[in-house]
Structures are given as structure tokens and as C-alpha cells.
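Each residue of the sequence shown is one higher than the one before, starting from 76 at the first, in this note's numbering.
Below: one structure, written as C-alpha cells.
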Amino acid sequence: MPDIQKLESIASQVRRDIIRQVSLCQSGHPGGSLGNADLLTALYFEVMKHDTSFNMEAKGEDVFFLSNGHISPVFYSVLARAGYFPVEELATFRQINSRVQGHPTTHEGLPGVRIASGSLGQGVSVACGMALAKKMNGDDRTVFVLTGDGEQQEGQIWEAALFAPHNKLDNLVLIIDDNGQQIDGPTEEVLKLGNFADKYEAFGWNIHHMDGNNMEETVRVLKEVQEMRNGKPCCIVMKTEMGQGVDFMVGTHKWHGKAPNAEQTETALNQLEETLGDFPA
Numbered sequence: 076m077p078d079i080q081k082l083e084s085i086a087s088q089v090r091r092d093i094i095r096q097v098s099l100c101q102s103g104h105p106g107g108s109l110g111n112a113d114l115l116t117a118l119y120f121e122v123m124k125h126d127t128s129f130n131m132e133a134k135g136e137d138v139f140f141l142s143n144g145h146i147s148p149v150f151y152s153v154l155a156r157a158g159y160f161p162v163e164e165l166a167t168f169r170q171i172n173s174r175v176q177g178h179p180t181t182h183e184g185l186p187g188v189r190i191a192s193g194s195l196g197q198g199v200s201v202a203c204g205m206a207l208a209k210k211m212n213g214d215d216r217t218v219f220v221l222t223g224d225g226e227q228q229e230g231q232i233w234e235a236a237l238f239a240p241h242n243k244l245d246n247l248v249l250i251i252d253d254n255g256q257q258i259d260g261p262t263e264e265v266l267k268l269g270n271f272a273d274k275y276e277a278f279g280w281n282i283h284h285m286d287g288n289n290m291e292e293t294v295r296v297l298k299e300v301q302e303m304r305n306g307k308p309c310c311i312v313m314k315t316e317m318g319q320g321v322d323f324m325v326g327t328h329k330w331h332g333k334a335p336n337a338e339q340t341e342t343a344l345n346q347l348e349e350t351l352g353d354f355p356a
């Protein structure tokens, strides 16, 4: 049985890491990062089979792709806390010559990162390629990919949505962060997205729903779809709150790409328990 309390404790530290990373450099995207802290903690500390010694091929491992690369602070924190690279490196976020740049890249050789992401809409296509390669190689592990809901406005997403069921990629799990916010405002005001479940079901995907800020539900659903093999890819429509964990950041696009000042940082950190020890600034 998963230790939900332990996972929630790790997620609290991940949220502290997010706030401190963007505060130190006064740049970055805290809102979506905070909203996805529970999901990435569940994946890397409970659900996925992965190896922190890291190789790009990932044979016999589950793989995660972050398509909405601007929420890199949560990705970096979880990778560091899992043991892919030193936690102290988080203090160099967005600094010149750092391996933890604003958007994940690969040429700096940061363990745990397999694709550069930030140009939205491309991660699902990459995940389809990895899932197909695993099928062809007889590797039965699962490929997970996370996208933002605003990212679903990109046309390339829908080419991949056709490709995956056509090729029976039942080892592929697409997770849509349905928080209703994007950098310019609520998604309903910027460009309406309609019903994700109806759209992906029409394309031939299995559909699942979950509350991505409920750790117990998140772990349960992720494990269910990981074991599902019925010839169809899986789409999880995941409800989260942008800014989850910090009361003045919750539920608004205003903290999509804005760093807190010193006073706001102190207020935020006072709301998040330090559980694993902060990285040295």
C-alpha cells in the first residue's frame, strides 16, 4: 500500500523548492508548478519504475515527458529529490551556465531530462515515438506525458491524438492539467477548449478523470492506467488548482509566470512545511 502521508510530505518540500527557486532568481513559473507537485511526486516516488543512474534509452523503465516545459521548477525539484542530481543545484535555477535553465534542455546533460521542452505542443508527439519504440522493442513499460490545458490549443497535439490510437499505443498515458488558466487569462476567455473527455474518446482513447491535488486518488488512477492494456492509449483529464498550497496564488493566472517578492516568499514558505530540508541558497 502506498504511504500517502509520506508522499504528501515530499510534495510539501517540492512546493518549498518551487517557491525558493523562482524567488532566488526572480523569474519563472510558480503557479502551474505548484499545481503539479502532487502528480510528479506520485509518479517519481510511487508509480514509475525508473533508474536515477539515467540513460537516454530507458529500456525496461517507465518514462515521463514534460511537454509544458515552463513548469520546470517542479520537474527539477522532483528529479533532485529523487536522486538524479544534487539538490544544491536547485539554487542555480535560471542562472548563466546552470544545468537547470528556465526550460528543460538536454545538451547540458542534466540527468532525468530526455527532451528539450518549452515550445508547446510537441511533447505528446515525442511520447508517441517513445511508446511506439517500446512496442517495437518488446518493452512493456509505460510512457507518461504531461501537457497544460492551454497547450491543447496547439495543432500538433491533435496530430498525435490521431497517431496514438491508430498505432494501438496502449502503453501511452497522456495527462492534461485541466486547471482552467493560461498565461493570458482563463482558458475559457482566451480560447475555449470544450470537453476534453468527449474529444479524446472520439479519437479512440480510454478516458479517466482525477483530482491531481488529491494524492490518494492520483496514485490510484495512475496505477490503474499503468496496468491497462486494451489496445487504446489513455487520457487522464486531471483537475488541479494553479498555485495549490499557497493561498494568494491559488486559482488565478496572475502567478502563471511571475516570481514572488521577498515578503510574498516568506508568506508562501510559512504555509508549506519543510520536510526534507531546504537546499542551501
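Note that the Cβ used here is the ideal one computed from N, Cα and C, for glycine as well.
Restricting attention to alpha helix (DSSP H) runs no shorter than 4 residues, the stretch 218–264 encloses them at 230–241, ordered along the chain.
Restricting attention to Gln-197, Pro-186, Met-76, Asn-130, the CA atom closest to the CA of Gly-144 is found in Gln-197. Shown here, His-178 sits in coil according to DSSP, grouped into three states, outside any helix or strand.
Note on geometry: alpha-carbon atoms of Leu-165 and Phe-354 lie some 7 Å from one another. Burial check for Phe-160: the Cβ neighbour count within 10 Å reaches 16 or more, so the residue is buried. Beta-bridge partners assigned by DSSP to Leu-141: Leu-221. Contact annotation: Asp-113 and Met-317 have beta-carbon atoms that are not nearer than 8 Å. In this structure, DSSP gives Met-211 a helical state, which the three-state scheme calls helix. Counting only the Cα atoms, Pro-308 lies some 6 Å from Asn-281. Proximity to Glu-349 across Asp-78, Met-76, Pro-77, Ile-93 peaks at Ile-93, based on C-alpha coordinates. Each of Ser-84, Gln-80, Gln-88 was checked against the Cα of Leu-344, and the nearest Cα belongs to Gln-88. If you draw a straight line from the Cα of His-284 to the Cα of Gly-320, it comes to about 21 Å. Nearest to Thr-222 by alpha-carbon distance, out of Leu-297, Gly-177, Gly-279, Cys-310, is Cys-310. A contact is defined here as three or more CB-CB pairs under 8 Å, and the stretch 179–188 fails this definition with respect to the stretch 201–218.
Taking 8 Å as the cut-off, the beta carbon of Lys-210 is found closer than this to the beta carbon of Leu-244. Assignment of Asn-172 by DSSP, reduced to helix, strand and coil, places it in the coil class.
In this structure, Thr-116 lies away from Leu-154, with their beta-carbon atoms at least 8 Å apart. Look at Val-312 here: in three-state DSSP terms it is strand. With fewer than 16 other Cβ atoms inside 10 Å of its own Cβ, Arg-304 counts as exposed. Beta-bridge pairing by DSSP links Asp-286 to Lys-314. At a Cβ-Cβ threshold of 8 Å, Val-220 and Phe-140 count as neighbours. DSSP assignment within the stretch 294–350 yields the following whole beta strand (DSSP E) runs of 3 residues or more, N-terminal first: 309–314. Counting along the chain, the unbroken alpha helix (DSSP H) around Arg-90 starts and ends at 79–100.
In the same chain as Ala-337, and ignoring 5 residues on each side of it, the C-beta atoms closer than 8 Å to its own belong to Ser-98, in chain order.
The Cβ atoms of Arg-169 and Cys-100 sit closer than 8 Å to each other.
The continuous alpha helix (DSSP H) containing Phe-271 extends over residues 271–278.
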